[in-house]
Every structure is written in structure tokens, then in C-alpha cells.
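Residues in the sequence shown are numbered consecutively from 1, following the UniProt record's numbering.
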Amino acid sequence: MMNETEMAALQQLLATPKKISIIPHRNQDGDSMGSTLGLYHFLLQLNHDVTLISPNEFADYIAWLPAAEKVLVFEKDTTECAAILENSDLIFTLDFNALHRTGELMGAFLQTLDKTFVMIDHHQLPDSYAKFMYSDPKMSSTCEMVYHFIHQLGLEKLINTTVGTCLYTGLVTDTGSFRFSSTTSTTHQVAAHLIEIGINNSQIHNNLFDTSSYNRLQLLGKALQNMKLMPEFKTSYITLSQQELDDYHYEKGDTEGIVNYGLSIDGIDFTAIFIENKAEEIIKISFRSQGDYDVNQFARNYFNGGGHINAAGGKSTASLSETVDRFISIVKETKK
Ligand code: 5GP
Ligand code: MN
Numbered sequence: 001m002m003n004e005t006e007m008a009a010l011q012q013l014l015a016t017p018k019k020i021s022i023i024p025h026r027n028q029d030g031d032s033m034g035s036t037l038g039l040y041h042f043l044l045q046l047n048h049d050v051t052l053i054s055p056n057e058f059a060d061y062i063a064w065l066p067a068a069e070k071v072l073v074f075e076k077d078t079t080e081c082a083a084i085l086e087n088s089d090l091i092f093t094l095d096f097n098a099l100h101r102t103g104e105l106m107g108a109f110l111q112t113l114d115k116t117f118v119m120i121d122h123h124q125l126p127d128s129y130a131k132f133m134y135s136d137p138k139m140s141s142t143c144e145m146v147y148h149f150i151h152q153l154g155l156e157k158l159i160n161t162t163v164g165t166c167l168y169t170g171l172v173t174d175t176g177s178f179r180f181s182s183t184t185s186t187t188h189q190v191a192a193h194l195i196e197i198g199i200n201n202s203q204i205h206n207n208l209f210d211t212s213s214y215n216r217l218q219l220l221g222k223a224l225q226n227m228k229l230m231p232e233f234k235t236s237y238i239t240l241s242q243q244e245l246d247d248y249h250y251e252k253g254d255t256e257g258i259v260n261y262g263l264s265i266d267g268i269d270f271t272a273i274f275i276e277n278k279a280e281e282i283i284k285i286s287f288r289s290q291g292d293y294d295v296n297q298f299a300r301n302y303f304n305g306g307g308h309i310n311a312a313g314g315k316s317t318a319s320l321s322e323t324v325d326r327f328i329s330i331v332k333e334t335k336k
């Protein structure tokens, strides 16, 4: 929970209508999208004037969420978004721990803003830009935190099926459908409550995971064929080149979740996926682990990234093959 003094001050601010902006991290996932929209539908009921500003475009698999069409995109409508942010009384930042996680353009702009920020986030080592901070790396998801935040405000009656649908989305996506070790009994209690109030859990899961295109599954097949094993280091990794993405008409979101297959092999506790992005001139990397192997530290130490103990990301500006070669030698040097 947020500490009580901060909570009382924030409660005071929220007692009268305010101009509020809500910002998720760049390359939105189910948790950032679900938490921003869940908070949005909650704050609207308190008569606040609320704007949603995403750093960049988001994927189709989360575009069905209620009010997704209201989300403005900073990298597309920069002037309009900047003006709204400059006019905001309060800016909520959700599911990230440092302003640069909104990308270079938006991150640089936010650094210059002298505004009251509220952080709700479950990543380790948060920066200190926010006046109000609810940061807890033990939480399954930011969506779970928004649920607790609303409870702490004493306004749980405002958690209706619209708010609940959004929040359930992040619970499901960030816990790998309730299978990761971040899933607690409280996570299940939150899910149970949302089902009790009438969200359609099966439909939400279907919207998220059973709406793939044929091309997406073919790309998954390619990714699985590209998987390499380093059994003596309990490590696996997958690569996808830009050419391979193009061959299967890649669309945003198509590679979501593929990294997890690397852990589904017996005896593997560390995996990575390297995805070439020619437009951004980077290799985007996702890391996953099982047990104690800390991929947040790995991503921070070697690949300019971060995240959680068992799920993190990073990037590289070297070529795909150079990046993979570097990864292999780091694993050989550092993993017993
Ligand atoms: P994913 O691999 O699904 O993109 O991300 C896994 C986790 O790591 C998420 O919590 C995400 O926010 C975080 N993450 C992904 N990429 C980066 C990055 O480049 N930098 C940092 N600090 N965190 C990242
Ligand atoms: Mn999250």
C-alpha cells in the first residue's frame, strides 16, 4: 500500500475534480494498458477530466479494451499531447519505474515537466520523480496494485465490470495466466472478486490469447525452429531477424509471449529472445527465468535494460549475430 500520509494528501487532491493524465510505458503490454484504462474508468466516476497518453501505438491484442480508442499517442500527436500534459494537475505513471521507459521523445519531455507525478508500479529500483509513490516489486501486476489503491481510497464500490475487465487483463497477462511465481493468494482473491462482480474472465482470456492471425502462428513456428539450447548452462534462446518478421507479415504484438517457450524445455532456467528491429536500429531482447536466476540484474548489467527477477528486457545496438555472440559469451562466463 501507499504510505498513509501520502495517501491522505492524494485523497485530498482527488476530492475535487482535477485535470489528470495517465501514462503507461512504451510498447504497452496487457498490464500497462489494463491498469491505465482501469484507473481511467475509475477516475471518470469521480468526475475528473482524464486523458490517456501512450508513448507509442499499441498492439491489436489489447485494442479491444474499453476506451482503448480514447488513448492518444505522444509520438504521433506530440504537440497536442505535450499541451495536455502541461495543463495537467496530476500525472499518473503506470507500470514503469523511470521516465525513460516512455521512450526517448516522451521521456525527455517528461523530464522537463514540473508537475505532480503519481507512480503505481511493481518494478525494482524505482526512480524518484514522483511525489506520490506506490511501488512494490512483490506485486503480480500494476493492475493488482490499482485494485489495492482503489480499496485504500475506500472506493471499492466503484470497481464495476468495466474497471474490473481492464484490471483482470493485467492480472492475466503479467502472471502468465496465473502461473508465474509472482501469483499470490491475494492475486487470486482479487481475480475472484472481479469474477464475482461479473467480469467475463473466459472472454477476456479469449480476447487476449485466442485472436491470433495465421501468420502469427507461422511466425511462432519459425521462432521455435530457431531456438538454440545451451544445456550445460540451462539456457535457451530464440532469434527472429527482420527478414523473418517480414516473411510472416509481422504486426505489433505478434511476438508477445514467444519468449516463454524457451523455459518450457525440461532443465532450462534461463531464456532470451532477440528480435531485430531495423526501423529503430536495435535488437530488442526479452529475458525470462525460473527460480532464483535474476534476469533484472542480467538485463541491467549487460543489455541496457531491467524489469523483474524472472522477467526483464533490454536492447542492443550491435547486429543480431554480434548481440547473440555476446550473449553466449556472457552466459559462458557468468552462469555456472
Ligand atoms: P518484456 O520482455 O515482456 O518486454 O518485458 C518484461 C519486463 O521487463 C517488463 O516488466 C518490462 O517492463 C521490462 N522491460 C522490458 N524491456 C525493458 C527495457 O528495455 N528496460 C527496462 N528497464 N525494463 C524493460
Ligand atoms: Mn507490469
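Cβ coordinates follow ideal geometry from the N, Cα and C atoms, glycine included.
**Message:** In whole angstroms, give me the CA-to-CA distance for Glu232 and Asp325.
**Reply:** Sequence index remark: in the sequence shown, residue 232 carries index 232 (1-based). Sequence index remark: in the sequence shown, residue 325 carries index 325 (1-based). The alpha-carbon of Glu232 is positioned some 17 Å away from that of Asp325.
**Request:** Please look up how many angstroms separate the CB atoms of His308 and His123, rounded, as I've assumed it's under 8 Å.
**Result:** Here residue 308 refers to the residue found at position 308 when the sequence shown is read from its first residue. Here residue 123 refers to the residue found at position 123 when the sequence shown is read from its first residue. So it is a contact: roughly 7 Å between Cβ atoms.
**Prompt:** Which ranges would you report for the alpha helix (DSSP H) in the segment 148–191 if only whole runs of at least 4 residues count?
**Reply:** Annotation note: the segment 148–191 contains the following uninterrupted alpha helix (DSSP H) runs of length 4 or greater, listed N- to C-terminal: 161–174.
**Item:** Terminal residues of the alpha helix (DSSP H) in which Glu244 lies
**Value:** As a working note, residue 244 is residue 244 in the sequence shown. Counting along the chain, the alpha helix (DSSP H) containing Glu244 begins and ends at 242–247.
**Asked** Going by beta carbon distance, what residues of the same chain come within less than 6 Å of Leu10, once the five residues before and after it are set aside?
**Response** For the purposes of this step, residue 10 is identified with residue 10 of the sequence shown, where counting begins at 1. In the same chain as Leu10, and ignoring 5 residues on each side of it, the C-beta atoms closer than 6 Å to its own belong to Phe132, in chain order.
**Asked** Grouping DSSP H, G and I as helix and E and B as strand, with all else coil, what is Asp29?
**Response** As a working note, residue 29 is residue 29 in the sequence shown. DSSP places Asp29 in coil when its eight states are reduced to three.
**Message:** Tell me which residue opens and which closes the beta strand (DSSP E) that Ile20 is part of.
**Reply:** Locating residue 20 in the sequence shown gives position 20, where the first residue counts as 1. For Ile20, the enclosing beta strand (DSSP E) begins and ends at 19–24.
**Message:** Quick check on Leu208: buried or exposed, where buried means 16 or more other Cβ atoms within 10 Å of its Cβ?
**Reply:** For this step, residue 208 is matched to residue 208 along the sequence shown. Within 10 angstroms of the beta-carbon of Leu208 lie 16 or more other beta-carbons, which makes it buried.
**Request:** Determine the extent of the beta strand (DSSP E) in which Met119 is found, giving its start and end residues.
**Result:** Residue mapping note: residue 119 aligns to position 119 of the sequence shown, counting from 1. Its beta strand (DSSP E) spans residues 117–121.
**Asked** For the beta strand (DSSP E) that Arg101 lies in, which residues bound it at each end?
**Response** The count along the sequence shown starts at 1 and reaches residue 101 at position 101. Looking at the DSSP string, Arg101 is not in any beta strand (DSSP E), and its letter there is neither H nor E.
**Asked** Does the distance from the C-beta atom of Cys166 to that of Gly253 stay below 8 Å?
**Response** As a first step, residue 166 must be located in the sequence shown, where it is residue number 166. As a first step, residue 253 must be located in the sequence shown, where it is residue number 253. For Cys166 and Gly253, no; Cβs fall outside 8 Å.
**Item:** Straight-line Cα distance separating Tyr134 from Asn97
**Value:** The residue labelled residue 97 in the question sits at position 97 within the sequence shown. The residue labelled residue 134 in the question sits at position 134 within the sequence shown. For Asn97 and Tyr134, the distance between alpha carbons rounds to 10 Å.
**Asked** Can you list, in chain order, the residues of its chain whose CB lies under 8 Å from that of Leu158, leaving out five sequence neighbours each side?
**Response** Taking the first residue of the sequence shown as position 1, residue 158 is located at position 158. For Leu158, where only same-chain residues beyond five positions count, the Cβ hits under 8 Å are Phe42, Gln45, Leu46, Ile150.
**Pairwise C-alpha distance: Glu256 and Glu57** = Indexing the sequence shown from 1 puts residue 57 at position 57. Indexing the sequence shown from 1 puts residue 256 at position 256. Taking the Cα positions, Glu57 is about 15 Å away from Glu256.
**Asked** Are there three or more Cβ pairs, one per stretch, closer than 8 Å when the segment 11–31 is compared with the segment 48–57?
**Response** Yes, since at least three Cβ pairs between the segment 11–31 and the segment 48–57 fall closer than 8 Å, the two stretches touch.
**Message:** Among the candidates Thr5, Ala68, Asn3, Leu217, whose CA atom is the shortest distance from the CA of Met33?
**Reply:** Taking the first residue of the sequence shown as 1, we reach residue 33 at position 33. Met33 has its Cα closest to that of Ala68, out of Thr5, Ala68, Asn3, Leu217.
**Asked** What residues match up with Ser212 in a beta bridge as DSSP calls it?
**Response** As a first step, residue 212 is located in the sequence shown; it is residue number 212 there, counting from the start. According to DSSP, Ser212 bridges with nothing at all.
**Item:** Those residues which DSSP pairs with Val73 across a bridge
**Value:** Within the sequence shown, the letter at position 73 stands for residue 73. Bridge partners of Val73: Ser54.
**Message:** Taking 7 Å as the limit, name every residue whose beta carbon sits nearer than that to some heavy atom of the ligand MN, in sequence order.
**Reply:** Near the ligand MN, residues with a Cβ at less than 7 Å from any of the ligand's heavy atoms are Asp29, Asp31, Ser32, Asp95, His122, Ser141, Thr142, Gly170, Asp174; the list follows chain order.
**Message:** Assuming Lys252 is part of the alpha helix (DSSP H), what are its boundary residues?
**Reply:** What you label residue 252 is simply residue 252 of the sequence shown in a count that begins at 1. First-last for Lys252: undefined, no H or E at that position.
**Message:** Give me the DSSP bridge partner(s) of Lys277.
**Reply:** Position 277 of the sequence shown, counting from 1, holds the residue named residue 277. The sequence given here places Asn at residue 277; Lys does not occur at that position. Looking at the DSSP assignment, Asn277 forms a beta bridge with Ile282.
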